[in-house]
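Accompanying notes for the structure given below.
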Amino acid sequence: MTDAKYVKKAPRQSNLELSRILAMYLIVMHHFSVHGGVPIWSGSAPLSFNFYLDQLLSTGGKIGVNLFVLITGYFLAKKFSKFSSLIYLWIKTFSYVIVFFLLFCALGLHPFNWSSLISCFFPIRNDFYWFVSAYFLLILLSPFITIGIKALGQRKLFTFLLIFGFFWSVIPTLTTKPEYYGSTLFWFVYLFSWGAFLRDYLERKIFSRSMCLSVCGASWGIIAIIIALADWNNRVRTFIGYIDWFTFANLYSVFSLICALSLFVFFKQMQIGYKPWINKFAAAMFGVYLIHENPIVYPWLWSRVFHVPEYLGSSWFILYALAVITIVFFICAILDLIWEKVLQSGYQKYLFPRLQPLDKRVTDFLNAPASQK
Numbered sequence: 001m002t003d004a005k006y007v008k009k010a011p012r013q014s015n016l017e018l019s020r021i022l023a024m025y026l027i028v029m030h031h032f033s034v035h036g037g038v039p040i041w042s043g044s045a046p047l048s049f050n051f052y053l054d055q056l057l058s059t060g061g062k063i064g065v066n067l068f069v070l071i072t073g074y075f076l077a078k079k080f081s082k083f084s085s086l087i088y089l090w091i092k093t094f095s096y097v098i099v100f101f102l103l104f105c106a107l108g109l110h111p112f113n114w115s116s117l118i119s120c121f122f123p124i125r126n127d128f129y130w131f132v133s134a135y136f137l138l139i140l141l142s143p144f145i146t147i148g149i150k151a152l153g154q155r156k157l158f159t160f161l162l163i164f165g166f167f168w169s170v171i172p173t174l175t176t177k178p179e180y181y182g183s184t185l186f187w188f189v190y191l192f193s194w195g196a197f198l199r200d201y202l203e204r205k206i207f208s209r210s211m212c213l214s215v216c217g218a219s220w221g222i223i224a225i226i227i228a229l230a231d232w233n234n235r236v237r238t239f240i241g242y243i244d245w246f247t248f249a250n251l252y253s254v255f256s257l258i259c260a261l262s263l264f265v266f267f268k269q270m271q272i273g274y275k276p277w278i279n280k281f282a283a284a285m286f287g288v289y290l291i292h293e294n295p296i297v298y299p300w301l302w303s304r305v306f307h308v309p310e311y312l313g314s315s316w317f318i319l320y321a322l323a324v325i326t327i328v329f330f331i332c333a334i335l336d337l338i339w340e341k342v343l344q345s346g347y348q349k350y351l352f353p354r355l356q357p358l359d360k361r362v363t364d365f366l367n368a369p370a371s372q373k
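So for the sequence shown, the UniProt record's numbering puts the first residue at 1; every next one is plus one.
The structure is reproduced here in structure tokens:
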């Protein structure tokens, strides 16, 4: 019999890692639009084709977030996240917060004060990174969510997904009132549950990739049409009143959800095997978010480096936008790959060996029969 500790773990297939890369690219695209300085939310700003294109660029962000969390649910549906992984997530987030704070203060790009320095030691909070804060809590709760999902079974889980999808997504979208039921953490739990459901469901059900792309395209097309109609309505002041078009493209939107689900299934059905370079690059995606969405970095990045509004009237605005998005995306990924190597060397040498016993205790607790807990 082969000793279990010598059994080599099979490398993760690269299809969903590729979807992780797409998810983060869509998020960077969204931030170009919403942080770039163009008043895309305004119902009175002058309309132009480029203005409309900039609005469309913003629609990918919440699709990307939903897709990213779906992937997390898929991979954690069959295993418990390690406590050491959660600690490392905090360390990595803190490292970027403190490094950029000190660097920007040293360069005179941000004022130094002691309260801001102290706040860097508490990076997991909404006014730093709303996504990271909700994601951290999701990973913390994921073992208990997984236990609950297993107890429900596939049919009951699917019923749960339909019922809560109606209240958390369909009604808020149709009423344009996302605050009715909205909670980022609850929404992430919902997406996590979808990922867990699809892990088993897609083992026995196959969807054509063309159908997945058609569903995604149709759903996104509806968003695009609504934006155009809302832009017209908000300027001619019809009896309908002001339409908040982003309600149809936000995190809880049923259209964003359908886009994310169809993209997830599309990539899951893709057969590309194991590509080390894809997996390596995909591992930097969380770092891409931490760098470019750092609350000190992004005002400087979009306003003082790229001056987006100055190019809004240009005939090649969309090319400029895609070039900027791609440059930011790849530079952040490269920076994270370098920083990850430095951070991991210290973590693996000094901290991880001390966390392994705690990992084992937590895993034993979670795997123990209910009567022993």
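Glycine included, every Cβ here is placed at the ideal spot set by N, Cα and C.
Exposure label - residue i; buried when at least 16 CB within 10 Å
i: residue 262; result: buried
i: residue 5; result: Caution is warranted here: a pLDDT of 42 is assigned to residue 5, below 50, making its placement in the model unreliable, and the coordinate value is therefore given only provisionally. With fewer than 16 Cβ atoms within 10 Å of its Cβ, residue 5 is classed as exposed.
i: residue 12; result: exposed
i: residue 7; result: Because the pLDDT at residue 7 is just 42, under 50, the model does not fix this residue reliably, and the point stays unresolved.
i: residue 354; result: exposed
i: residue 90; result: exposed
i: residue 231; result: buried
i: residue 336; result: buried
i: residue 163; result: exposed
i: residue 54; result: buried
i: residue 17; result: buried
i: residue 1; result: The pLDDT assigned to residue 1 is 37, lower than 50, so where the model puts this residue is not dependable, and the model offers no usable value.
i: residue 285; result: buried
i: residue 123; result: buried
i: residue 367; result: exposed
i: residue 238; result: exposed
i: residue 64; result: buried
i: residue 258; result: buried
i: residue 126; result: exposed
i: residue 338; result: exposed
i: residue 62; result: buried
i: residue 26; result: buried
i: residue 149; result: buried
i: residue 20; result: buried
i: residue 116; result: exposed
i: residue 205; result: exposed
i: residue 174; result: exposed
i: residue 322; result: exposed
i: residue 92; result: buried
i: residue 357; result: exposed
Boundaries (first-last residue) of the alpha helix (DSSP H) holding residue i
i: residue 170; result: Where residue 170 is concerned, there is no enclosing alpha helix (DSSP H), given that its DSSP letter is neither H nor E.
i: residue 332; result: 317-346
i: residue 47; result: Segment: none, residue 47 is in no alpha helix (DSSP H) and carries neither H nor E.
i: residue 13; result: Unbroken run through residue 13: none, as it is neither H nor E.
i: residue 314; result: Segment: none, residue 314 is in no alpha helix (DSSP H) and carries neither H nor E.
i: residue 251; result: No alpha helix (DSSP H) holds residue 251; DSSP gives it neither H nor E.
i: residue 72; result: 60-76
i: residue 307; result: That residue, residue 307, is in no alpha helix (DSSP H); it is neither H nor E in DSSP.
i: residue 280; result: 276-282
i: residue 287; result: 285-292
i: residue 271; result: It is not in any alpha helix (DSSP H) - residue 271 carries neither H nor E in the DSSP assignment.
i: residue 363; result: 352-367
Cβ-Cβ distance between residue i and residue j below 7 Å
i: residue 31; j: residue 60; result: no
i: residue 84; j: residue 359; result: yes
i: residue 388; j: residue 319; result: Given that the chain is displayed from residue 1 to residue 373, the structure contains no residue 388 and the question cannot be resolved.
i: residue 193; j: residue 142; result: no
i: residue 97; j: residue 169; result: no
i: residue 256; j: residue 66; result: yes
i: residue 209; j: residue 266; result: yes
i: residue 151; j: residue 77; result: no
i: residue 188; j: residue 138; result: yes
i: residue 70; j: residue 191; result: yes
i: residue 243; j: residue 250; result: no
i: residue 432; j: residue 24; result: The structure shown does not extend to residue 432, since the chain is modelled only from 1 to 373, so the question has no answer here.
i: residue 298; j: residue 14; result: no
i: residue 272; j: residue 245; result: no
i: residue 134; j: residue 185; result: yes
i: residue 104; j: residue 296; result: yes
i: residue 329; j: residue 99; result: no
i: residue 291; j: residue 332; result: yes
i: residue 136; j: residue 120; result: no
i: residue 378; j: residue 247; result: Shown here, the chain extends from 1 to 373; a query on residue 378 therefore has no answer.
i: residue 252; j: residue 172; result: yes
heavy atom of the ligand ZN below 6 Å from residue i C-beta
i: residue 301; result: The ligand content of the structure shown is nil, which means the ligand ZN is not present either.
Please specify which runs of the alpha helix (DSSP H), each continuous and at least 4 residues long, are wholly inside the region 104-150, giving them in chain order. Entirely contained in the region 104-150, the alpha helix (DSSP H) runs reaching 4 residues are, in chain order, 114-119.
Could you tell me which whole alpha helix (DSSP H) segments of length 4 or greater appear in the region 184-239? Complete alpha helix (DSSP H) runs here, min 4: 184-204, 209-236.
Do the region 127-145 and the region 109-116 make contact, defined as three or more Cβ pairs closer than 8 Å? Because the criterion of three Cβ pairs below 8 Å is not met, the region 127-145 and the region 109-116 do not touch.
Does the count of Cβ pairs from the region 299-311 and the region 33-45 closer than 8 Å reach three? Touching, yes, given that three or more Cβ pairs across the two stretches are closer than 8 Å.
Would you call the region 214-228 and the region 273-288 touching, i.e. three or more CB-CB distances under 8 Å? In this structure the region 214-228 does not lie against the region 273-288, because fewer than three pairs of beta carbons, one per stretch, are closer than 8 Å.
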